[in-house]
Amino acid sequence: MKGNYLKLKTFFVTFWFYINNVYTGRLSNWLIDKSNTAIACQGDSENIMCDAYQGIRIKDAFWGRDNKVDCQVDNPLSPLTDTQMCFTLDKDYAYRKLAEVCQGQQTCQFEGTSLYFDTELCPHIRKYARVKYECRQMSGMKKSDLLRAVKRKPFKGSKRTILKLKKHKRKKTFHDSF
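Residue numbers (the working numbering): 161 to 338.
Structure representation (structure tokens):
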């Protein structure tokens, strides 16, 4: 009895991944890979990228200066300082800006400049853009790659069952909100 339950549960999990794979055309039902952080110092740009079949999901972003460690001023004659802090009034502004550009992309480049973030905030302080992001599995990838990614055994149904699965259209009930 217990063996049948496990087989049934395995079938439905595999079926769900397969249907989600074939019939969903956007980034949804993500499988988390790992969390990353990238920093672009003022005047620099930074590239973030994920592996094949993965997309970027912005978790958090910041523009300004909230510590004395990141992006220190190397030149003592520089008019910029790294000892004072600088925060934007709208905490979600950097998140919205980076999500607009990078969300769902496999690669993305962002700049640590006031022009990029449309703000002339604290002109005497050296600022930086910091983004925390995840690389997540994109739907629409090959079934074999998805199954390898979640370390499951491949679906071993009959050809007839697989054809029925391909004809079946899944109703969309869950999507990650951005």
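Built from N, CA and C at the ideal position, the CB exists for glycine as well.
| Check | Outcome |
| --- | --- |
| Cβ-based neighbour list, lysine 228, same chain, cut-off 7 Å, excluding 5 preceding and 5 following | Asp242, Thr243 |
| Distance between beta carbons of leucine 281 and threonine 248, contact taken as under 8 Å | 6 Å |
| Enclosing beta strand (DSSP E) for valine 291 [first to last residue] | 288-297 |
| Three CB pairs or more closer than 8 Å across the stretch 199-207 and the stretch 287-294 | yes |
| Where cysteine 262 falls: helix, strand or coil (DSSP) | helix |
| Inter-residue spacing [alpha-carbon to alpha-carbon] between arginine 296 and leucine 237 | 43 Å |
| Straight-line Cα distance separating proline 239 from glutamate 264 | According to the sequence displayed, residue 264 carries glycine and not glutamate. Each residue's Cα considered, the two are about 38 Å apart. |
| Contacts around alanine 198, its chain only, beta-carbon distance under 6 Å, and the 5 residues preceding and following it disregarded | Glu206, Ile208, Val291 |
| Any C-beta of chain B under 8 Å from that of glycine 215 | The displayed structure is made up of one protein chain only, and chain B is not part of it. |
| Other residues of its chain near histidine 284: CB distance less than 7 Å, five sequence neighbours each side excluded | Pro239, Leu240, Thr241 |
| Residue range of the beta strand (DSSP E) that includes arginine 397 | Since the first residue shown for the chain is 161 and the last is 338, residue 397 is missing from the structure and cannot be characterised. |
| Rounded straight-line distance, which links the Cα of arginine 217 to that of glutamine 266 | 10 Å |
| Backbone CA spacing between methionine 298 and cysteine 210 [nearest angstrom] | 11 Å |
| Beta-carbon contacts of alanine 221 that lie in its chain and below 6 Å, excluding the five residues immediately before and after | Ala254, Tyr255, Leu258, Val291 |
| Pairwise C-alpha distance: aspartate 234 and valine 261 | 30 Å |
| Proximity winner among Lys251, Tyr293, Asp250, relative to phenylalanine 270 (alpha-carbon distances) | Tyr293 |
| Proximity below 8 Å, CB of cysteine 246 to CB of glycine 272 | no |
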